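Participant:
Residue numbers (full-length UniProt numbering): 1 to 280.
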C-alpha cells in the first residue's frame, strides 16, 4: 500500500505567503473555534503566552490560524496558541483560513506545524516524531524530509523518550537543557540518570562538564574485581558518596586501623568547583 504524502508539510496546506487581505482569509468568531484533539503541545508557557497577547494587542494576528469546519464550529489545525492569546486579548474574531482536509492530514499537519514553528519543548517534540513514525508509518528519512531536520536530530529526540520519567520531567520543566538530556541518554543506569539530573539542576552543571564527566567515567579502567575486604556498611557509604557528588568515589578503608582515604574524581575546574560547593 502506497504511503500517503503531504509533500512539503505545511507548504501543501499553505503553498506560499500571501497578502493578509486575500479573500481566502476570513474572520471567525473566537467562541466558535475549539482546539483540535491532535494538538501535540501539552502546556502553554504563561510568560510566552502573555508576550503574544501583548503583541496581538499592538499589531493584531499577523499569521492566520488554520481551521477545519466541523460540528457547526471550527476545529484548530494550526494556531491554537494564537487563538488562546486572541481570547485573552479580548478579540471577538480571529483571521483564519478554512481548509477541508481529512482527519489524518489534519493531525499530521498539526504535528508538523508545531515542530516547524519550534513551539514545542523537547519532550513534546520527541512525542510528535514518535506519532509521525508509529501512527503514519513514516520512516526517519521521511520525517526528516517533512520537518527539515536531519535524521540524527530526529533520532536524538526519540532517545529522550527512553529516559526515566523523573528525567523527562526535569527536561519538560526546563530544569535541564536538551544538551544535558542528550548526554544523560548515554548513561545506562536509570538511577544514575535520575541522580545526575538532580545534581545538574541543583548545581547548574554545564553541558560540557557533564559530557566530560560521562566520558571519563567510561574511560576509567576497571581493575579486575578482586574481592575487596570491604564491609557492607563501607560499601553502602561509598555508594552514597557517589550519588551525592555525582562522580566516581573510592573509599579506601582500613578495617584494622579504622581509618582510610576518600578519592573523589573531577574532570574540569567547573566540576571541581561544583564538588566544592557541595562540601560547603
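The beta-carbon is built from N, C-alpha and C at its ideal position, and this holds for glycine as well. Predicted, not measured: the structure shown is a model, and the values here were computed from it.
1) In chain order, which beta strand (DSSP E) runs of at least 3 residues are fully inside the region 69-136?
2) Are there 16 or more other CB atoms within 10 angstroms of the CB of residue 280, so buried, or fewer, so exposed?
3) Tell me which residue opens and which closes the alpha helix (DSSP H) that residue 251 is part of.
4) Which partner residues does residue 27 have in the DSSP bridge list?
5) For the putative contact between residue 83 and residue 76, defined by C-beta atoms under 8 angstroms, what is the C-beta separation to the nearest angstrom?
6) With DSSP collapsed to three states, give me the class of residue 171.
7) What are the boundary residues of the beta strand (DSSP E) that residue 60 is part of?
8) Tell me, to the nearest whole angstrom, how far the beta carbon of residue 115 is from that of residue 125; I am working on the premise that it is less than 8 angstroms.
9) Helix or strand or just coil, what does DSSP make of residue 260?
10) Relative to the C-alpha of residue 137, which candidate in 163, 108, 162 and 169 has its C-alpha closest?
11) Quick one: what's residue 34 bridged to in DSSP?
12) Assuming residue 99 and residue 66 make a contact with CB atoms under 8 angstroms, what is their CB distance in whole Å?
13) DSSP has residue 66 in a bridge; who is on the other side?
14) Compare the beta carbon distance of residue 262 and residue 275 with 8 angstroms and say whether it is the shorter of the two.
15) Since residue 267 and residue 189 should fall inside the 8 angstroms C-beta cutoff, what is the C-beta to C-beta distance between them, to a whole number of angstroms?
16) With a threshold of 16 other CB atoms inside 10 Å of the CB of residue 70, please say whether the residue is buried or exposed.
17) May I have the straight-line CA-CA distance separating residue 201 from residue 140, to the nearest angstrom?
18) Who are the Cβ neighbours of residue 21 in its own chain at under 6 angstroms, not counting the five residues just before and after it?
19) What is the rounded straight-line gap between the Cα of residue 231 and the Cα of residue 241?
20) Would residue 47 pass as a contact of residue 96 if the rule is Cβ separation under 8 angstroms?
21) Determine the closest residue to residue 79 out of 110, 191 and 162, with distance taken between C-alpha atoms.
22) Quick one: grab the DSSP three-state call for residue 177.
23) Classify residue 193: buried if its beta carbon has 16 or more other beta carbons within 10 angstroms, exposed otherwise.
24) Mapping the DSSP letters down to three states, classify residue 216 as helix, strand or coil.
25) Quick one: what does DSSP say residue 152 is sitting in, helix, strand or coil?
Facilitator: Here's the rundown:
1) Within the region 69-136, the complete beta strand (DSSP E) runs of at least 3 residues are 73-78 and 93-98.
2) Numbered from 1 along the chain shown, position 280 holds the residue referred to as residue 280. Under this definition residue 280 is an exposed residue.
3) Your numbering for residue 251 matches position 251 in the chain shown. Residue 251 -> not in any alpha helix (DSSP H); beta strand (DSSP E) instead, spanning 249-254.
4) Here residue 27 is taken as the residue at index 27 of the chain shown, counted from 1. Paired residues: 95.
5) The sequence position of residue 83 within the chain shown is 83, counting from 1. The sequence position of residue 76 within the chain shown is 76, counting from 1. Yes, residue 83 and residue 76 are in contact; Cβ-Cβ is about 6 angstroms, under 8 angstroms.
6) Counted from its first residue, the chain shown places residue 171 at position 171. Residue 171: helix per DSSP, three-state reduction.
7) For this step, residue 60 is matched to residue 60 along the chain shown. Per DSSP, residue 60 belongs to no beta strand (DSSP E) and is neither H nor E.
8) For the purposes of this step, residue 115 is taken as residue 115 along the chain shown, with counting starting at 1. For the purposes of this step, residue 125 is taken as residue 125 along the chain shown, with counting starting at 1. Right, their Cβ atoms sit about 6 angstroms apart.
9) Mapped onto the chain shown, residue 260 falls at position 260. In this structure, residue 260 counts as strand in the three-state DSSP scheme.
10) By one-based count along the chain shown, residue 137 stands at place 137. Between residue 137 and the set 163, 108, 162 and 169, the nearest pair of CA atoms involves 108.
11) Residue mapping note: residue 34 aligns to position 34 of the chain shown, counting from 1. In DSSP, residue 34 forms a bridge with 75.
12) In the chain shown, counting from the first residue as 1, residue 99 sits at position 99. In the chain shown, counting from the first residue as 1, residue 66 sits at position 66. Indeed they touch by this definition, with Cβ atoms about 6 angstroms apart.
13) What you label residue 66 is simply residue 66 of the chain shown in a count that begins at 1. Answer is 78 and 97, bridged to residue 66.
14) For the purposes of this step, residue 262 is identified with residue 262 of the chain shown, where counting begins at 1. For the purposes of this step, residue 275 is identified with residue 275 of the chain shown, where counting begins at 1. Against a cut-off of 8 angstroms, the Cβ pair of residue 275 and residue 262 comes out as no contact.
15) For the purposes of this step, residue 267 is identified with residue 267 of the chain shown, where counting begins at 1. For the purposes of this step, residue 189 is identified with residue 189 of the chain shown, where counting begins at 1. The pair is not a contact, with the Cβ atoms about 18 angstroms apart (cut-off 8 angstroms).
16) Counting from one through the chain shown, the residue named residue 70 turns up at place 70. It is exposed - the Cβ of residue 70 has fewer than 16 other Cβ atoms within 10 Å.
17) Working through the chain shown from its first residue, we reach residue 201 at position 201. Working through the chain shown from its first residue, we reach residue 140 at position 140. Roughly 32 angstroms separates the two Cα atoms.
18) Along the chain shown, read from residue 1 onward, the residue named residue 21 stands at position 21. Residue confidence for residue 21 is low, a pLDDT of 43 falling below 50, so the modelled location carries little weight and cannot support an answer.
19) Locating residue 231 in the chain shown gives position 231, where the first residue counts as 1. Locating residue 241 in the chain shown gives position 241, where the first residue counts as 1. Roughly 16 angstroms separates the two Cα atoms.
20) Residue mapping note: residue 47 aligns to position 47 of the chain shown, counting from 1. Residue mapping note: residue 96 aligns to position 96 of the chain shown, counting from 1. No, the pair does not count as a contact, with Cβ atoms beyond the cut-off.
21) For the purposes of this step, residue 79 is taken as the residue at position 79 of the chain shown. Comparing Cα positions, the closest option is 110.
22) In the chain shown, counting from the first residue as 1, residue 177 sits at position 177. Coil, per DSSP.
23) To locate residue 193, count along the chain shown from 1; it is residue 193. Looking at its Cβ environment, which holds 16 or more other Cβ atoms inside 10 Å, residue 193 is buried.
24) As a working mapping, residue 216 is identified with position 216 in the chain shown. DSSP places residue 216 in helix when its eight states are reduced to three.
25) Here the question's residue 152 lines up with position 152 in the chain shown. Residue state, collapsed to three classes: helix.
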